[in-house]
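In the numbering used here, the protein residues as written are 285 to 578.
Listed below in structure tokens is the structure:
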């Protein structure tokens, strides 16, 4: 029944599209020339072409949708969270958990990443521009928890208030998740490199290792850093934060008796010495091999 109705509708459509001469022969509505093809077959052909184009469009759309979904999934591997501080203060941060099924009773490392001055503000997506959070967004996996907070626009990681908030954030994550207290690490770039030094000086007994990149710090407090394994990085042509910011701190730590510190400088490299540092798997291998008190 439905097949008969379909063919009847198709025949009516063909009759509207094509005229007949007095002998009943189909002629073109525009030229009047005789048409050799059956008009119904022509309609079917046109219909099939439309269906083909529709299927091609759906296939392309599905591919594009899958690509967008994949990118969104990668960015969602770390979630935007907020730490409520004192007097109504808030600290936004990206939170990454080890992927896959958690192993029972296993304790995981914790990495605190501090961004540079250019990523300050209230747009948490800025934090995804560099370092571990950017690598996680692109698909890199860590067998560790990673927290990447955002510094308010007019603040600095080195301020007493921000150091206190970072301490609260570390305590919160350590209390709520299976964190190995002997494997808490800190790293940062530029202003974050400065914050890394400030945090190590404020809490030298907390961090198993630190990786400050293109930063500087208070050399008068270098004695507080002597027992923390630290790997400094700096570009020799850095005009934003002079390489002396790292070299002088390393010298001060060694002068205070520190033997767990080392420095890598990049010839002809400017301020951006973090990209090649965070792209170097050796840096992560070294960091994760360090344990508090060993």
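Glycine residues also receive a C-beta, built at the ideal position from the N, C-alpha and C atoms. Values in this document were obtained by computation on a predicted structure and should not be read as measured data.
Where residue i sits in the DSSP three-state scheme
i: residue 384; result: coil
i: residue 531; result: helix
i: residue 487; result: coil
i: residue 450; result: helix
i: residue 436; result: coil
i: residue 393; result: strand
i: residue 417; result: helix
i: residue 407; result: coil
i: residue 557; result: coil
i: residue 562; result: helix
i: residue 338; result: helix
i: residue 466; result: strand
i: residue 479; result: helix
i: residue 519; result: strand
i: residue 243; result: This structure gives no information on residue 243, because the portion of the chain shown stretches from 285 to 578.
i: residue 458; result: helix
i: residue 330; result: helix
i: residue 507; result: helix
i: residue 540; result: coil
i: residue 576; result: coil
i: residue 444; result: helix
Bridge partners - residue i, DSSP secondary structure assignment
i: residue 365; result: 377
i: residue 514; result: 494, 545
i: residue 567; result: Answer is none; residue 567 lacks a bridge partner.
i: residue 430; result: 380, 395
i: residue 473; result: 497
i: residue 550; result: 519
Beta carbon proximity, residue i to chain C, threshold 8 Å
i: residue 522; result: No chain C is present in this structure, which holds just one protein chain.
8 Å Cβ cutoff met for residue i and residue j
i: residue 377; j: residue 443; result: no
i: residue 468; j: residue 484; result: no
i: residue 524; j: residue 499; result: no
i: residue 557; j: residue 517; result: yes
i: residue 512; j: residue 488; result: yes
i: residue 560; j: residue 537; result: no
i: residue 397; j: residue 415; result: yes
i: residue 361; j: residue 380; result: yes
i: residue 408; j: residue 437; result: no
i: residue 395; j: residue 430; result: yes
i: residue 386; j: residue 464; result: no
i: residue 281; j: residue 551; result: Absent from the structure is residue 281, since the part of the chain shown begins at 285 and ends at 578.
i: residue 453; j: residue 375; result: yes
Assigned exposure category for residue i - 16 Cβ within 10 Å defines buried
i: residue 475; result: buried
i: residue 478; result: buried
i: residue 506; result: buried
i: residue 413; result: exposed
i: residue 449; result: buried
i: residue 332; result: exposed
i: residue 421; result: buried
i: residue 473; result: buried
i: residue 569; result: exposed
i: residue 493; result: buried
i: residue 347; result: Residue placement at residue 347 is flagged as unreliable, the pLDDT there being 49, under the threshold of 50; the coordinate-derived value follows with that caveat. Flag for residue 347 reads exposed.
i: residue 542; result: buried
> Three or more beta-carbon pairs under 8 Å between the segment 562 to 576 and the segment 532 to 540, yes or no?
Replying inline: no
> Does the segment 542 to 558 come close enough to the segment 452 to 459 that 3 or more CB-CB pairs lie under 8 Å?
Replying inline: no
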